[in-house]
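Undergrad:
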Amino acid sequence: MLFITFLNFDGMLFKAQRVLRIRTRWMSYGKCLFLQLIPKQPNVLSYDVENRIKPLIEYLISIGIASEDVPGVIAARPNLLGLDVENNLKRMVDYLVYDGKTKEEVLDFVTKTL
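For the sequence shown, my numbering gives the first residue as 838, with consecutive numbering after it.
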């Protein structure tokens with residue numbers, strides 16, 4: 838069980854540091870992204886890296902978001918982390934493509950609307 842102690846409402850964390858190191862070790866994006874996300878999406882600490890975060894990053898890249906832009910997209914839209922890639926995000930994107938939306942419209946939807 839994960840216990841997090843908040844220093845204040847600004848999102849300063851004590852006990853989450855070790856978890857952050859473990860969760861971000863494989864990522865070239867580093868801890869900075871996740872430190873920004875914790876106040877907005879605290880559940881990120883409980884997400885499985887291999888089954889939740891990595892598939893999201895890979896899917897965002899596969900639909901045309903540049904790998905260097907992925908951290909900014911996730912930081913701007915942290916609710917993307919709450920979506921299951923296969924059951925939610927992919928289905929939404931597939932529907933938009935089926936509906937005749939352009940690649941730019943699909944990317945705009947994912948990066949600005951969700």
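By construction, the Cβ of each residue, glycine as well, lies at the ideal position given by its N, Cα and C atoms.
Express the C-alpha separation of residue 891 and residue 945 in angstroms, rounding to a whole number.
TA: Counting from 1 along the sequence shown, the entry for residue 945 is found at position 108. Counting from 1 along the sequence shown, the entry for residue 891 is found at position 54. Distance between the alpha carbons of residue 945 and residue 891: 21 Å.
Undergrad: Enumerate in chain order the residues of its own chain whose CB-to-CB distance from residue 902 is below 8 Å, with the five nearest sequence positions on each side excluded.
TA: Position 65 of the sequence shown, counted from the first residue, corresponds to residue 902. Correct list, in chain order: 910, 944, 947 and 948.
Undergrad: Looking only at its chain, what residues have a beta carbon closer than 7 Å to the beta carbon of residue 940, apart from the 5 residues adjacent to it on each side?
TA: As a first step, residue 940 must be located in the sequence shown, where it is residue number 103. The residues are 901.
Undergrad: Identify whether residue 951 lies in helix, strand or coil by the three-state DSSP scheme.
TA: To locate residue 951, count along the sequence shown from 1; it is residue 114. Looking at residue 951 - three-state DSSP - the assignment turns out to be coil, as it is neither helix nor strand.
Undergrad: Am I right that residue 933 and residue 896 are in contact with their C-beta atoms under 8 Å? What's the rounded C-beta distance?
TA: For the purposes of this step, residue 933 is taken as the residue at position 96 of the sequence shown. For the purposes of this step, residue 896 is taken as the residue at position 59 of the sequence shown. Rounded, the Cβ-Cβ distance is 14 Å, inconsistent with contact.
Undergrad: Taking its Cβ as the centre, do 16 or more other Cβ atoms sit within 10 Å of residue 865, making it buried, or is it exposed?
TA: On the sequence shown, residue 865 is found 28 positions in, with the first residue counted as 1. Legend: pLDDT at residue 865 = 48, less than 50; position of this residue unreliable, no value from coordinates given.
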